[in-house]
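K.L.:
By the count of the UniProt record's numbering, the sequence shown reaches residue 303 at its end, each step adding exactly one.
Here it is: the structure, laid out below.
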Amino acid sequence: MNITIRQIELFLSLMRNPHIGAVAQEHFLTHSAVSMAIKALEQTVGERLFDRISNRLVPNENGKILMECLEPAFEQIRDVETLFKRDRMAGVLRVGASSTFADYILPQVLYAFKNKYPQSQIEVINFNSENVVEHVESGEINLGFIEGDYESRSAEFEEIYKEELVVVTSDKYMAGLQEYRLSELLDLDWILREQGSGTRQTMWNSLGQAKKNLNIFMELEHIEAIKSVLKNPGTLSCMSPFCFQRELAKGELFPVQLEGIRFKRSLYAVMNRQKYRSNLLNQFVFDVREHLMKMLPQVSAED
């Protein structure tokens with residue numbers, strides 16, 4: 001069998017974006033050069049990999065099967081360049097991240113990582129935790145960062161940090177050493193994340209049956225929007241301590257102590273079990289974990 005690396009590269013590009021013109025432009029080739037490479041690959045494997053429908057290429061089942069086989073191998077081939085140069089990280093990493101990660105944890109990591117490894121390119125896409133897992137499962141992203149526990153047959157979860165969510169308010173009189181019973185706060189205006197977010201799931205799991213009586217005044221997708229609404233009196237929310245450090249320092253938001261309720265959760269890096277873990281991916285996960293440890297003390301399981 002005589003399959004070339006160039007054929008594999010063009011095939012994988014076409015599977016992700018089945019437009020010959022776009023792939024040709026991406027790889028600085030002519031339209032005919034890409035077509036010839038794919039036809040040669042199909043002749044070698046003895047099967048059509050794309051269906052030709054109305055002058056369009058549509059990946060078929062043969063193509064999807066071959067992609068599952070070739071993609072991990074191609075990633076390993078690309079890693080050969082850095083095999084003997086561990087200080088050099090090159091390549092593209094598509095990362096899906098929950099709002100907590102995307103807005104409050106990853107930006108500084110990305111800046112430091114780019115300075116350390118200028119040939120790397122990290123693309124971060126913001127989803128809620130549930131959608132991050134789905135995109136890892138489908139192979140649309142290489143890596144995900146989420147909060148809370150999720151089940152998946154094809155995704156692998158690596159715990160990188162433990163934290164505890166905090167109930168916050170802008171009402172200073174509620175802050176301090178006093179612990180409130182949840183029943184005292186149920187009727188206040190709670191501003192929560194949407195369903196599917198890791199923060200919402202953790203809170204829901206900890207509240208149990210009490211959540212049925214919670215006055216959910218608003219549901220918002222973005223943490224910054226929630227913090228804006230929290231400027232109104234009588235409002236509460238629950239969020240990661242990473243999300244309100246600036247407001248805490250300025251005296252704009254305050255933690256509220258709850259009696260007998262803890263919102264502990266784990267933060268995870270999520271990978272597809274069937275995909276090869278490149279040096280670039282492993283290094284980025286390591287750097288994110290190190291950054292988390294420096295930002296805030298980790299919560300222990302016994303606390």
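Ideal Cβ positions, reconstructed from N, Cα and C, are used throughout, including at glycine.
#1: I'd like to know whether the C-beta atoms of residue 304 and Thr-44 end up nearer to each other than 9 Å.
#2: From Leu-267 to Pro-241, what does the alpha carbon distance come to, in whole angstroms?
#3: Do Tyr-117 and Ala-90 count as a contact pair if the criterion is CB distance below 9 Å?
#4: Grab the span of the beta strand (DSSP E) containing Asp-189 for me, first residue to last.
#5: Between which two residues does the beta strand (DSSP E) carrying Arg-265 extend?
#6: Consult DSSP for Leu-292 and reduce its assignment to one of helix, strand or coil.
#7: Residue range of the alpha helix (DSSP H) that Ala-102 falls in?
#8: Quick check on the burial criterion: 16 or more other C-beta atoms within 10 angstroms. Buried or exposed for Met-239?
#9: Along the chain, where does the alpha helix (DSSP H) containing Ala-37 start, and where does it finish?
#10: Which value, in whole angstroms, describes the spacing of the CA atoms of Gln-119 and Cys-69?
#11: Can you tell me whether DSSP reads Pro-118 as helix, strand or coil?
#12: Between the Cα of Asp-171 and those of Glu-252, Ala-102, Ile-8, Gln-283, spot the shortest distance and give me the residue it belongs to.
P.N.:
Let me spell this out:
#1: Residue coverage of the chain in this structure runs from 1 to 303, which leaves residue 304 outside it and unanswerable.
#2: A direct Cα-to-Cα measurement between Leu-267 and Pro-241 gives close to 13 Å.
#3: yes
#4: 189-193
#5: 263-272
#6: Helix.
#7: First-last for Ala-102: undefined, no H or E at that position.
#8: buried
#9: 31-45
#10: In a straight line, the C-alpha of Gln-119 is about 27 Å away from that of Cys-69.
#11: coil
#12: Of Glu-252, Ala-102, Ile-8, Gln-283, the residue nearest in Cα terms is Glu-252.
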